[in-house]
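This report concerns only the one structure given below.
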Amino acid sequence: MSACRTQIHLTVNGQQTAVEAPPMKRLLDVLREDLGLTGTKEGCGEGECGSCSVRMNGELVNSCLVPILQASDARIETVEGLAIDAELHPLQKAFLECGGAQCGICTPGMLIAATHLLAHNPNPSMDEIREGLAGNLCRCTGFIKIFESVIAAAAMRGLETRAR
Amino acid sequence: MRGDPENLELIAASSLPDVLAQMAAAPGSWTPIAGGTELMVAHAAGRLNAQKFISLWGLAELDFIRVQDDSISIGGGVTFGHIRSHAAIASDFPLLARAASWIGSIANQNRATLAGNIVNGSPAADAPPALLVYDAEIELISQRGSRRIPYADFHLGYKQSVLEPDELVLALHLPRRFSKHSQYLRKVGTRKAMAITKVALAGTAIVENGTIHEIRLAAASVADRPVRMIATEEALQGRWLTAATRNAARAVLLNEVRPIDDIRSTAEYRKHVAANLLDEFLAELNNRGSSG
Amino acid sequence: MTQNSAHNPKTRIVGTPQIRKEGVDKVLGRSKYVDDLEREGMWYGATVRSTIPRGKIREIHFDPGIDWSEFVIVTAADVPGTNHIQMISADQPCLVADTVNHCDEAIVLLAHPDKRRLPAAVAAVRIDYDPLPAVLSIEESETQQEIIWGGDNIFKQFHLEKGNVDEVWAIAAHIVEGEYRTGAQEHLYIENNGMIAEYSEADGVTVRGSLQCPFYVHKSLMAVFALPAEKVRVLQTETGGAFGGKEDYPSVLASHAGLLARKAGRPIKMVYDRMEDLAATTKRHPSRTRHRTAVDKDGKLLAMEIEIATDGGAYATLSSTVLSRATLHASGPYVCDNIRITSRAWATNTVPSGAFRGFGAPQSIFAIERHMEQIARAVGIDSTEIRRRNFLQTGDSTATEQIIHEPLILDALLDRALKESDYVARRSEFARENLHSPIKRGLGIASFYHGCGFTGSGERYLNSLAGIDVTPEGKARVLVSSTEFGQGTNTILTQIAAEALGLSYDEVEMAPCDTSLIPNSGPTVASRTSMVVGHLIERAGHQLITTLQEQAGLAAGYNREEFFAACELYREQYGKVESLCRYEAPPNVFWDDQKYRGEAYPTFGWAVYIAEVAVDITTYSAEVTNFCAVQEVGRVLNPTLAAGQIEGGVAQGVGYALYEKVLLKNGHMLNNQMTNYIMPTAADVPPIRVYFEEIPFAYGGFGAKGIGELPHDGPAPAILNAIQDATGENFTAIPLLPEDIFLRMIDCTPHEEPTVV
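Chains as they are written, first to last, in this note's numbering: chain A, 28 to 191; chain B, 882 to 1173; chain C, 126 to 882.
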């Protein structure tokens, strides 16, 4: 007995799109399989590692825990949407310069979590950075250079704002 | 991913009455799913028993925070992200706001709902101890109507509650009468974030002229369900806040709690840490009391 | 002739924080890991695993509720070559033939076009066993009442003897004994193991996947498929973390995927989910180390008697080399004329243990550094003094009677660590505060070394080949089998090549990691890449320049246009522009495998780490509040990447000490989910301050030594030394959980009033 596939409309990185999928298919799998956006990763399937992090209607969520039906008409942001044309997002630049990415598997989720953090708190304290990223596990860096990257990106954004 | 979404049904309805009607038509057939932070984990592990799900996500009738003069009502569909950042909740019910900030990670808080945390029925759940010491009432709703009972009467046993198969948790109502109370909440987990509770203690009390009044104590992971520590409260209610009282209460608590050994911790550790947390709360009461 | 660059530290690119070579793709989310890839017509594979730790298979039942005609089914009978994974021994079967030796051992493989159908199919294969008694711990194995491997359950043993230990006990002022234990540890790379395999009669077997050592996989596939070298091709996909967990296990997974691909006649992808990866793949060897030490009244080490036992799990895999490294690091960076070390790796019916960053050294360094604290206390001197009085100096000899010729600056490293951690002042402050606070604070020191490269004659045996070529399109490429998995292989090797060739960093890239295209520069393990392979690339670069000067008229002081023009001139004559170099052992490095004596390693990284902890007596929880890591690792090739290696290794060491516990029941991992296997989060890691001293090593890439594993050796003993400083309690086993601290600090018997100390 198989359930109906249903048509879901959603906006991904600014682009309106529609998929036909069983309603309990995970948003993570729809992004990776139906939409070919393999930047978002699966590390655990339990909502513990955060490598599947995306923003849904501006909120940070673990896409491995979202059934696609609940993403109906949602606005989804993934790592693929961070850079605009050839211009890297300040966080991406910072991760490159500060060594925030080593093996890179946690990096997409980490960037999304950091984007979310800075959107809500443009000048976070170290404790706020730690809390903001506590849902994203990195086994390579020990987090130190990720913290440095977020601080550097926050400073970059500050400069951009002041420059305007 | 061990679950097969092709074998599952998930429906959504545009209003709460429609959801309730669906549930009433076949009580127990439709498993409500809100933020999915428990059910989707079971789905991925291939451990979902249910096959038919009804989505509560985004239902406006469950997603409200109403601030009245004498109470705050929080809809069952409110996420912990919204609970922790709500100014009135943070000011009137700081223990609940704090508990909300300890659930999983920020990503989990943006999806996990108050009702989900309660109905999932884990004795380790983060919100219940705070709800218990705030004398919360829980409102359940079905097509048959709604009913309000003390939240303390909601859980009946391990993952068992008074919730009927056609019912949902509509709201939690918290009385706004704790602004003068001393308040305590501490969670002991396996690490500082993303930790399931090994043991937690919540407490509210007023100290007047050196005696303890209106003491409420509630704990996580010391029984088969979230519990008020009634016997321990009785050992403190109306007593002088002295070392003798503290030692006596400690002994009562050590007998009252019934924790288990499990994958995360041991019964003995949980017992003794619960007692230490009580000591810590009582010490804080003492310090606040003496400073007037 | 090799140019010795170690004396010339002025470099344009080496030593600078060049951006990670593959970094842009990583931050864009464009890097393709194995699960991001597909092949035309690909099916998916899954594994049916044993549910008992030891026994004979009586029968395999396929539940008739499944339409098995839709599936491809593979068992041991389908192995065309030898049914064994080639590591050091070839005892581990690719698939169980008749006898199961651990829980979660692979028995049946299934493939299907729809991966969602596989979990139900796996559950529908029921296996009947005749169980045999299982051995589940080192102690059980040591009784030898049940022999489960070889004739005596011993995968390997070593005996090292220096001087005359037995004559010393009688004259010692103090004899200090201790027993120290370390638990299993899971790598927890965020990318699970995965492979995609293809098979055809024409091309043989081709695998793409997450791995560290393409030629290890290549060798194993040759044997499993009975194919010659040119009919086996292994490619590395972008690998999301490894730490040794993808050193030998990929040979198992590649064989499985290959067998399914061969029978199915189509590509097969096998990617584990977290539960399977945790339960079924290798872990760090648990260990037990016993110390008996004689010291004089001043705390100088007179004799050390050390006994090491490791738990190798069900098959030999890498247990002999892990044991070797544990043995060679067991006596610490200290002078002692009389040393006896006996070590054994024991078989148990648990998932085979494997490589994990440090490879035996974290285990025995935990023991010696904890033991030094007890010695200090017995003698009545402090933690710094016990070390200073015993530190190796240049000219001293090690346990294997290797004379250390290189400059040794352990005292200076200790001085720097004490200064940067404000050790003296903070300890004083803590001693005062601890009297009145429920939070007890303390500081702890660990001093240690890590031998770089393969032990003894290992590098000669590997006989690595590596080099550089220049393509007609004007790209200089590094030709190595060394893999990137986050540590920075791609970056440092292209930095070295660019430096040696006089090109810019952006003009050099890595040749694809494909065994059909690259020479075998050895596995990416053992902290050998920057040192051994880096040196080969440096030599190859200089060799290419010399060749172009001699054969293509390249002038001294050439610019890049002239370089590429000379390459094209050379190509016209000789067809290709390629410079390969073969490993040459540094002079005066001799190792006697029989006597276990001589130059165990060509060089060592040296370190002093200081941990600061806070122990909360209310919850019995310990956390690391500050960490200072000072090390000498030769030339730092890239300061950002080097610091990143130290920080990451320290964080893993913190997990090893305080958080990460593998819970086994009947040999099966109970806590095989990320919810229950606890690694430190961003909220848990301490601030980690990293300092490098640089003493270039002449035979490393531009003076580099190895760095990858050193940082995992020091944190655990430093942390437990700090906990002893904070609480006075001597904890001798890790992981040290609050429940363990609780049991020590409370005296509690039934029916008695408990007292909190």
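Ideal placement from N, C-alpha and C gives every residue a C-beta, glycine not left out. Remember, it's a predicted structure, so these values are computed and weren't measured experimentally.
Inset, instruction - Flag P860 of chain C as yes if its beta-carbon sits less than 8 Å from any beta-carbon of chain B, otherwise no. - result: no
Inset, instruction - Look at the Cβ atom of I643 of chain C, then the Cβ atom of R413 of chain C, and state whether they are nearer than 8 Å. - result: no
Legend entry - Nearest candidate by alpha-carbon position, reference A524 of chain C, set C:I393, C:G308, C:S449: For the residues C:I393, C:G308, C:S449, the minimum Cα distance to A524 of chain C belongs to C:S449.
Inset, instruction - Give the straight-line distance between the Cα atoms of G148 of chain C and I617 of chain C, rounded to the nearest whole angstrom. - result: 13 Å
Legend entry - For D536 of chain C, the first and last residue of its enclosing alpha helix (DSSP H): 535-545
Legend entry - Helix, strand or coil at V756 of chain C [DSSP, three-state]: Here residue 756 of chain C is Gln; the residue named in the question, Val, does not match the sequence. Reduced to three states, the DSSP call for Q756 of chain C is strand.
Inset, instruction - Using a Cβ-Cβ cut-off of less than 8 Å, give me the residues of the region 168-188 of chain C that come near chain E, in sequence order. - result: No chain E is part of this structure, whose protein chains are labelled A, B and C.
Inset, instruction - Using the DSSP secondary-structure output, state which residues sit across from N751 of chain C in a beta bridge. - result: C:E737
Inset, instruction - Return the bridge partner residues of W731 of chain C from the DSSP annotation. - result: C:Y574, C:E757
Inset, instruction - Thinking T654 of chain C and I570 of chain C are a contact (beta carbons under 8 Å), I'd like their distance in whole angstroms, please. - result: Actually they are not in contact, since the Cβ atoms of T654 of chain C and I570 of chain C sit about 29 Å apart, beyond 8 Å.
Inset, instruction - Answer with yes or no whether the minimum CB distance from H1153 of chain B to chain C is below 8 Å. - result: For H1153 of chain B, the answer is yes, since a Cβ of chain C falls inside 8 Å of its Cβ.
Inset, instruction - Measure the alpha-carbon distance for A1116 of chain B versus L862 of chain C and round it to whole angstroms. - result: 32 Å
Legend entry - Endpoints, the alpha helix (DSSP H) within which I844 of chain C is located: 840-852
Inset, instruction - Find out if the Cβ-Cβ distance for the pair T168 of chain A, G108 of chain A is shorter than 8 Å. - result: no
Legend entry - 8 Å contact criterion, which Q310 of chain C and Y781 of chain C should meet: CB distance rounded: 5 Å
Inset, instruction - For N588 of chain C, collect the residues of the same chain with a Cβ closer than 8 Å to its Cβ; drop the 5 residues on either side in sequence, then sort them by chain order. - result: R707, Y708
Legend entry - Within 8 Å of chain A by C-beta, residues of the region 908-942 of chain B in sequence order: I914, G916, G917, T918, M921, V922, H924, A925, A926, F934, S936, W938, G939
Inset, instruction - Could you tell me whether any Cβ in chain A is nearer than 8 Å to the Cβ of A847 of chain C? - result: no
Legend entry - Proximity test, G831 of chain C beta-carbon vs the ligand MN heavy atom, cut-off 7 Å: This structure lacks the ligand MN; in fact it carries no ligand of any kind.
Inset, instruction - Would you verify that the beta carbon of S952 of chain B is, or is not, closer than 8 Å to some beta carbon of chain A? - result: no
Legend entry - Chain-ordered neighbours of L164 of chain A on chain C, where CB pairs are closer than 7 Å: I315, M804, T806
Inset, instruction - Flag this pair as yes or no: are the beta carbons of A231 of chain C and F196 of chain C separated by less than 8 Å? - result: no
Inset, instruction - Assign L62 of chain A to one of two classes, buried (16 or more other C-beta atoms within 10 Å of its C-beta) or exposed (fewer than that). - result: buried
Inset, instruction - Give the residues from the region 81-100 of chain A that approach chain B closer than 7 Å (Cβ to any Cβ), ordered along the chain. - result: E86, L87, V88, N89, C91, L92, V93, P94, L96, Q97
Legend entry - Cutoff 8 Å: T188 of chain A Cβ touching any chain C Cβ: With a pLDDT of only 45 at T188 of chain A, under 50, the local geometry of the prediction cannot be trusted, and the value read off the model is given with reservation. By this cut-off, T188 of chain A is not an interface position.
Legend entry - Spatial neighbours of K52 of chain A in its chain, beta-carbon cut-off 6 Å, leaving aside the 5 residues before and after: I95
Inset, instruction - Measure the CB-CB distance between H454 of chain C and G303 of chain C and report whether it falls below 8 Å. - result: Their beta carbons are not under 8 Å apart, which means H454 of chain C does not touch G303 of chain C by this criterion.
Inset, instruction - Starting from R157 of chain A, find everything on chain C with Cβ-Cβ shorter than 7 Å and list it in chain order. - result: Correct list: A807, A808.
Legend entry - Contact set between S629 of chain C and chain A, taken where Cβ atoms lie within less than 7 Å: The contacting residues do not exist; S629 of chain C stays about 17 Å from chain A at best.
Inset, instruction - Using alpha carbons as the reference points, say which of C:R179, C:P244, C:D229, C:G369 lies closest to L261 of chain C. - result: C:R179
Inset, instruction - Answer with buried or exposed for W1121 of chain B, where buried requires no fewer than 16 other C-beta atoms within 10 angstroms of its C-beta. - result: Taking a 10 Å sphere around the C-beta of W1121 of chain B, we find fewer than 16 other C-beta atoms and assign the residue as exposed.
Legend entry - Delimiting residues of the beta strand (DSSP E) encompassing N89 of chain A: 86-89
Inset, instruction - Could you spell out the range, first to last residue, of the beta strand (DSSP E) harbouring S655 of chain C? - result: Unbroken run through S655 of chain C: none, as it is neither H nor E.
Inset, instruction - Note down the Cα distance separating T406 of chain C from P458 of chain C, rounded to an integer number of angstroms. - result: 33 Å
Inset, instruction - Using alpha carbons as the reference points, say which of B:I1087, B:Q1118, B:E1095, B:N1136 lies closest to N1168 of chain B. - result: Of the candidates B:I1087, B:Q1118, B:E1095, B:N1136, the one whose C-alpha sits nearest the C-alpha of N1168 of chain B is B:I1087.
Legend entry - Enclosing alpha helix (DSSP H) for F689 of chain C [first to last residue]: 685-699
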